[in-house]
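A.B. asks: Using my numbering, the letters of the sequence shown correspond one by one to residues 150 to 580. Cβ coordinates follow ideal geometry from the N, Cα and C atoms, glycine included.
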Amino acid sequence: MISKEILKKIILEQNHLFSSRIEPIEREQMEELKKKSSSDFIIIISGIRRSGKSVLLSRFKNNQEEHSYYLNFDDERLHTFDVGDFEKLYEVFIELFGEQSSFYFDEIQNIEGWERFIRRLHDYGNKIYITGSNANLLSQELGTRLTGRYIQIELFPASFLEFLRFKNISYSQDDFYDRKKAILLQKNCDEYAKKGGFLKFLQTDESDFFKILHDNIVYRDIIAKYSITHKKGISDIFYYLISNVSKEFSYTTLKAISGISSLTTIKDYITYFEESYLLFTVFKYDFSLKKQLINPKKVYSIDTGMANSISFKFSENRGRVLENMVFLELKRRSAKAGTEIYYHSEKNKSECDFVLKNRVKGEIVNAIQVTESLANIDTREREIKGLLDAIVFYGLSSGIIITEDEEDEISEGGYTIQVIPLWKWLLIKTL
């Protein structure tokens with residue numbers, strides 16, 4: 150339980166800070182948030198810590214005409230707050246600000262039973278906005294209590310387009326054909342690959358930014374929350390995975406490097422990483438769901454800047470970094486495009502890095518290969534063969550190879566392969 154006086158003090162302090170937050174750029178998700186806010190649904194903004202969820206919400210709130218309520222539950226002073234305090238919170242809101250109909254909550258999933266309070270507010274016709282750093286807690290609890298009542302917006306670290314806005318670099322598609330301007334865009338894409346898209350890091354360049362972020366998520370959001378005793382084991386698994394982004398991994402290897410014998414425990418740990426948006430795993434596509442579940446997975450990081458900072462040198466792993474960047478952009482586009490991301494591999498044949506499945510049609514609609522360069526003959530043959538294998542297997546007519554800075558169009562066996570530089574692909578949203 151918590152007293153009204155403490156609640157009032159926290160609310161007033163937080164509201165001052167919340168209203169004064171400044172985002173260096175307007176995020177792409179702002180338009181989506183504005184459109185969806187006109188509906189009667191609860192709006193959920195989810196994403197990794199420090200990705201800008203609260204700042205996005207603050208900027209949106211400050212542009213609204215009506216007054217509203219706000220509370221961030223990720224505050225150590227609220228450690229005694231429990232489900233019985235929600236009615237008290239509502240009373241304090243009214244005492245401080247009068248009766249309002251819009252509620253903004255950060256990390257409300259920290260309070261067990263929170264979804265009942267949200268449902269009651271929603272039932273009375275209030276508008277509700279929630280942010281959260283754990284995808285599963287939000288989806289599970291909302292799915293159980295609030296089926297059909299919410300819309301989710303995922304916020305990732307800044308895209309390349311947003312990175313250019315941050316650096317005050319404007320462009321048009323005509324610039325793609327201007328050699329000097331194209332070189333500038335390529336140079337900035339290289340910097341984006343190294344530094345990633347966490348705007349707070351780009352603003353401050355704090356040397357320990359990623360270490361602090363990692364520690365807060367792994368030790369506070371995962372180890373403490375799930376009462377994990379294998380602290381070294383889960384840390385070893387994380388470091389192994391983030392050091393091997395864009396590669397397949399095996400549970401046998403993870404058991405060996407962590408010293409954890411339980412396969413179930415290791416799978417749980419990976420799930421926690423995914424729920425916290427630290428890492429993502431991608432399935433090998435198979436028409437059999439059973440085979441799909443047992444096939445090796447590939448792993449990707451939420452941010453190449455984080456991977457570069459924590460695990461390896463960019464210069465030695467350029468190809469894998471480029472592939473991770475493509476994956477992240479595909480994740481950003483997947484909700485709007487209605488696609489699911491897989492990789493393709495057949496026995497005794499080359500691999501294709503990404504195949505995209507249309508959720509409505511239930512079929513593969515695109516194949517994408519990523520490589521640093523096609524200049525080497527062996528690499529060129531391998532990458533083209535892997536893409537063609539996927540094109541033929543899924544009955545496609547064309548595919549894409551994304552490189553660091555090469556551009557071409559290849560006709561092979563009646564199929565068309567578009568070769569495009571990464572920086573251009575990141576800015577052309579239709580491919």
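Based on the DSSP secondary-structure assignment, which residues constitute the bridge partners of K276?
C.D. replies: Against the sequence shown, residue 276 aligns to sequence position 127. Its beta-bridge partners are S251.
A.B. asks: Just reading off the alpha helix (DSSP H) that D370 is part of, what are its end residues?
C.D. replies: Counting from 1 along the sequence shown, the entry for residue 370 is found at position 221. Element bounds for D370: n/a, residue is neither H nor E.
A.B. asks: Thinking C-alpha only, which one of Y368, Q163 and D234 is nearest K380?
C.D. replies: Residue mapping note: residue 380 aligns to position 231 of the sequence shown, counting from 1. If we check each option's Cα against that of K380, Y368 comes out closest.
A.B. asks: What do you get for E558, buried or exposed, if any count of 16 or more other CB atoms within 10 angstroms of its CB means buried?
C.D. replies: In the sequence shown, the residue the question calls residue 558 occupies position 409. Classification for E558: exposed.
A.B. asks: Rounded C-beta distance between L523 and T552? I'm assuming under 8 Å.
C.D. replies: Here the question's residue 523 lines up with position 374 in the sequence shown. Here the question's residue 552 lines up with position 403 in the sequence shown. Between T552 and L523 the Cβ distance is about 6 Å, and since that is below 8 Å, they are a contact.
A.B. asks: Give the DSSP bridge partners of V504, in chain order.
C.D. replies: In the sequence shown, the residue the question calls residue 504 occupies position 355. DSSP output for V504 lists Y491 and A516 as bridge partner(s).
A.B. asks: In this structure, how does DSSP classify Q213 when only helix, strand and coil are distinguished?
C.D. replies: Counting from 1 along the sequence shown, the entry for residue 213 is found at position 64. Three-state DSSP puts Q213 in coil, outside helix and strand.
A.B. asks: Sort W263, P306, N337 and G544 by Cα distance to K316 and report the nearest one.
C.D. replies: The residue you call residue 316 lines up with position 167 of the sequence shown. Of W263, P306, N337 and G544, the residue nearest in Cα terms is N337.
A.B. asks: Report the residue from K349, K157, F503 and V519 whose alpha carbon sits nearest the alpha carbon of I550.
C.D. replies: The residue given as residue 550 occupies position 401 in the sequence shown. That would be V519, whose Cα lies nearest to the Cα of I550.
A.B. asks: How would you label R199, buried or exposed, when you count the other beta carbons within 10 angstroms and need 16 or more for buried?
C.D. replies: Counting from 1 along the sequence shown, the entry for residue 199 is found at position 50. R199 is buried by the Cβ-count criterion.
A.B. asks: Is it buried or exposed for R546, if we count other Cβ within 10 angstroms and need 16 for buried?
C.D. replies: Working through the sequence shown from its first residue, we reach residue 546 at position 397. Reading the sequence as shown, one finds Ser at residue 546 and not Arg. Under this definition S546 is an exposed residue.
A.B. asks: Out of D223, G262 and Y320, which has the shortest C-alpha to C-alpha gap to I577?
C.D. replies: The count along the sequence shown starts at 1 and reaches residue 577 at position 428. The shortest C-alpha separation from I577 is found at Y320.
A.B. asks: Would you kindly work out how many angstroms separate the C-alpha atoms of S407 and S187, rounded to a whole number?
C.D. replies: As a first step, residue 407 is located in the sequence shown; it is residue number 258 there, counting from the start. As a first step, residue 187 is located in the sequence shown; it is residue number 38 there, counting from the start. Taking the straight line joining both Cα atoms gives about 49 Å.
A.B. asks: Quick one: Cα of K433 to Cα of Q441, how far?
C.D. replies: Position 284 of the sequence shown holds residue 433. Position 292 of the sequence shown holds residue 441. Looking at the two C-alpha atoms, the distance is approximately 6 Å.
A.B. asks: Please confirm if the region 170-181 is in contact with the region 253-261, defined as three or more CB-CB distances below 8 Å between the two stretches.
C.D. replies: No, the region 170-181 does not touch the region 253-261.
A.B. asks: Shortest alpha-carbon distance to R170 belongs to which of K496, N365, S251 and L206?
C.D. replies: Here the question's residue 170 lines up with position 21 in the sequence shown. For the residues K496, N365, S251 and L206, the minimum Cα distance to R170 belongs to L206.
A.B. asks: Do G281 and S195 have their CB atoms nearer than 7 Å?
C.D. replies: For the purposes of this step, residue 281 is identified with residue 132 of the sequence shown, where counting begins at 1. For the purposes of this step, residue 195 is identified with residue 46 of the sequence shown, where counting begins at 1. Yes, the pair counts as a contact, with Cβ atoms nearer than the cut-off.
A.B. asks: Use the C-beta contact count for Y400: other C-beta atoms within 10 angstroms, 16 or more gives buried, fewer gives exposed.
C.D. replies: Sequence index remark: in the sequence shown, residue 400 carries index 251 (1-based). It is exposed - the Cβ of Y400 has fewer than 16 other Cβ atoms within 10 Å.
A.B. asks: Excluding the 5 residues flanking Y421 on each side, which residues of the same chain have their C-beta closer than 6 Å to its C-beta?
C.D. replies: Taking the first residue of the sequence shown as position 1, residue 421 is located at position 272. Same-chain partners within the cutoff: I371.
A.B. asks: When the Cα atoms are used, what is the spatial distance from Y219 to Y278?
C.D. replies: Walking along the sequence shown from the start, residue 219 turns up at place 70. Walking along the sequence shown from the start, residue 278 turns up at place 129. Answer to the nearest angstrom: the Cα atoms are 9 Å apart.
A.B. asks: Determine the burial state of K416: buried for a count of at least 16 other Cβ atoms within 10 Å of its Cβ, exposed for fewer.
C.D. replies: Translated into the one-based positions of the sequence shown, residue 416 becomes position 267. Label assigned to K416: exposed.
A.B. asks: Starting from Y449, trace the beta strand (DSSP E) both ways and give me its first and last residue.
C.D. replies: As a position in the sequence shown, residue 449 is number 300, starting the count at 1. Element bounds for Y449: K446 to S450.
A.B. asks: What's the gap between the Cα of L156 and the Cα of I377?
C.D. replies: Position 7 of the sequence shown, counted from the first residue, corresponds to residue 156. Position 228 of the sequence shown, counted from the first residue, corresponds to residue 377. Between L156 and I377, the C-alpha separation is close to 31 Å.
A.B. asks: Whether or not the region 491-508 and the region 325-334 are in contact is what I'm after, with contact meaning three or more pairs of Cβ atoms, one per stretch, closer than 8 Å; do they touch?
C.D. replies: Touching, no.
A.B. asks: Ends of the beta strand (DSSP E) at V431?
C.D. replies: The residue given as residue 431 occupies position 282 in the sequence shown. Looking at the DSSP string, the run of the beta strand (DSSP E) that includes V431 is L428 to V431.
A.B. asks: To the nearest angstrom, report how far apart T229 and D189 are at their CA atoms.
C.D. replies: Stepping through the sequence shown from its first residue, residue 229 is reached at position 80. Stepping through the sequence shown from its first residue, residue 189 is reached at position 40. Rounded to the nearest angstrom, the two C-alpha atoms are 32 Å apart.
A.B. asks: Grouping DSSP H, G and I as helix and E and B as strand, with all else coil, what is E397?
C.D. replies: Here the question's residue 397 lines up with position 248 in the sequence shown. Three-state result, E397: strand.
A.B. asks: In angstroms with no decimal places, state the Cα-to-Cα distance between Q335 and D452.
C.D. replies: Counting from 1 along the sequence shown, the entry for residue 335 is found at position 186. Counting from 1 along the sequence shown, the entry for residue 452 is found at position 303. So the two alpha carbons sit approximately 19 Å from each other.
A.B. asks: Taking the Cβ atom as the reference point for each residue, do I386 and L412 lie within a distance shorter than 7 Å?
C.D. replies: Counted from its first residue, the sequence shown places residue 386 at position 237. Counted from its first residue, the sequence shown places residue 412 at position 263. No. Outside cutoff.
A.B. asks: Can H493 and A539 be called in contact, C-beta distance under 7 Å?
C.D. replies: In the sequence shown, residue 493 corresponds to position 344, counting from 1. In the sequence shown, residue 539 corresponds to position 390, counting from 1. Yes.
A.B. asks: In angstroms, rounded to a whole number, what distance separates the CA positions of I391 and R469?
C.D. replies: Your numbering for residue 391 matches position 242 in the sequence shown. Your numbering for residue 469 matches position 320 in the sequence shown. If I take the Cα positions, the gap works out to 11 Å.
A.B. asks: Hey, how far is the Cα of E180 from the Cα of I197?
C.D. replies: Position 31 of the sequence shown holds residue 180. Position 48 of the sequence shown holds residue 197. Those two C-alpha atoms are separated by around 20 Å.
A.B. asks: In angstroms with no decimal places, state the Cα-to-Cα distance between A284 and H363.
C.D. replies: To locate residue 284, count along the sequence shown from 1; it is residue 135. To locate residue 363, count along the sequence shown from 1; it is residue 214. Distance between the alpha carbons of A284 and H363 is about 17 Å.
A.B. asks: Since I believe V475 is in contact with Y491 (beta carbons under 8 Å), could you give me their beta-carbon distance rounded to a whole number of angstroms?
C.D. replies: Translated into the one-based positions of the sequence shown, residue 491 becomes position 342. Translated into the one-based positions of the sequence shown, residue 475 becomes position 326. Contact doesn't hold; Cβ gap of about 14 Å is too wide.
A.B. asks: Can you look up N317 in the DSSP assignment and give me helix, strand or coil?
C.D. replies: Here residue 317 is taken as the residue at index 168 of the sequence shown, counted from 1. Note: N317 maps to coil in three-state DSSP.
A.B. asks: Candidates S251, E561 and L227: which alpha carbon is nearest E214's?
C.D. replies: For the purposes of this step, residue 214 is taken as the residue at position 65 of the sequence shown. When each option's Cα is compared against that of E214, the closest is S251.
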